[in-house]
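Here the working numbering is used: the first residue of the sequence shown is -5, the next is one more, and so on. For every residue, glycine included, the Cβ atom is placed at its ideal position computed from N, Cα and C. Here is the structure we will look at, set down as structure tokens.
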Amino acid sequence: MNGEPETRAVLQHMYERNVITKKELEDMNNFIDNDGTFAAHAGISAVVESPSRDVPADVLDEILALKPFFDEEYYQDILDAIS
């Protein structure tokens, strides 16, 4: 599926930087296994949009680099959240 390895790598880095929990990492990887990247990208978008989450700049750069694989609406939500 489109962008799976890239999305998994970003999710792993998000977990390593304590942006998401182990459960969230597992859930989003399961979404990818079962349904492709769409639901995982929705989850990533929700994390970035959440004011209670601190997404480091390097992780945000990695998320933004997933643009070719993201649904336009979810990507725009991310851009709106960081502007």
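Under the three-state reduction of DSSP output, A36 falls in the helix class. Assignment of I14 by DSSP, reduced to helix, strand and coil, places it in the coil class. Sequence-distant partners of Y68 (beyond 5 residues in either direction) whose C-beta falls short of 7 Å from its own C-beta, in its chain, are H35, A36 and S39.
With contact defined as three or more Cβ pairs closer than 8 Å, the region 53 to 66 and the region 21 to 30 are not in contact. Between V41 and I76, the C-beta gap is not smaller than 8 Å, which leaves the two residues out of contact.
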